[in-house]
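Residue numbers (this note's numbering): 1179 to 1340. Cβ coordinates follow ideal geometry from the N, Cα and C atoms, glycine included. Model, not experiment: these values are computed from the prediction. First the structure, in the form of structure tokens, and then the observations on it.
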């Protein structure tokens, strides 16, 4: 099983969501898990996104079946010898992580893919798995628009949209 994860920060807490699927072309999730925390999140620290986000991702992933890979809306590497959220998550859970970022991060090396009619690329990075192979998988995931359906679903669940 693969899964897309996302975290949303609200005034009164944090919501993490995981959307599990079994094949890259799946339209619907096999498993959906949402975990809400009413504790105030750590303050945002530039360059330390992983420190803030990791506990919530670990909480939701602990409720998922065993995974082959995790897709996260972040970079795996921010630059040479500069781990991003994806690398920190990989080190914490030992599962391959695929970063699918919507905006370019200066200094990061990524494979850019274009989906649907969008002219704007997604930036794919990975650890523990071949980035060229997974970039093609992400490109062919279900959904006619820029963001694959199941990545959108994780975002919607984290934001409280069922």
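For this session: For residue 1330, collect the residues of the same chain with a Cβ closer than 8 Å to its Cβ; drop the 5 residues on either side in sequence, then sort them by chain order.
Result: Only 1321 meet the Cβ criterion.
Problem set entry | Simplified DSSP assignment, three categories, for residue 1234 | DSSP places residue 1234 in helix when its eight states are reduced to three.
For this session: Give every residue of the same chain whose Cβ lies closer than 6 Å to the Cβ of residue 1200, excluding the five residues on either side of it in the sequence, and list them in chain order.
Result: The beta carbon of residue 1200 lies closer than 6 Å to those of 1179 and 1208 in the same chain, with the five residues before and after it left out.
For this session: At 4 residues or longer, and completely inside the stretch 1255–1283: list those alpha helix (DSSP H) runs for me, N to C.
Result: Correct list: 1263–1271.
Exercise. Three-state secondary structure (DSSP) at residue 1310?
Worked result: The answer is helix: DSSP assigns residue 1310 an H, G or I state.
For this session: Could you work out which residue in 1227, 1325, 1265 and 1256 is closest to residue 1306 when comparing CA atoms only?
Result: The residue from 1227, 1325, 1265 and 1256 with its alpha-carbon nearest to that of residue 1306 is 1265.
Problem set entry | Beta-ladder partner(s) of residue 1222, from DSSP | Residue 1222 is not bridged to any residue.
For this session: Below 7 Å CB to CB, which residues in the same chain sit around residue 1184 once its five sequence neighbours on both sides are set aside?
Result: The beta carbon of residue 1184 sits closer than 7 Å to the beta carbons of 1195, 1251, 1332, 1333 and 1336 from its chain, once the five residues preceding and following it are set aside; these are given in chain order.
Problem set entry | Extent of the continuous beta strand (DSSP E) run through residue 1300 | Here the beta strand (DSSP E) through residue 1300 covers 1300–1305.
For this session: Give the DSSP-derived three-state secondary structure of residue 1292 in the structure shown.
Result: Reduced to three states, the DSSP call for residue 1292 is coil.
Problem set entry | Whole-Å CB distance - residue 1300 paired with residue 1279, under 8 Å assumed | Correct: roughly 7 Å between the Cβ atoms.
For this session: Identify the continuous beta strand (DSSP E) that holds residue 1287 and give its terminal residues.
Result: Boundaries cannot be given for residue 1287, as no beta strand (DSSP E) includes it and DSSP labels it neither H nor E.
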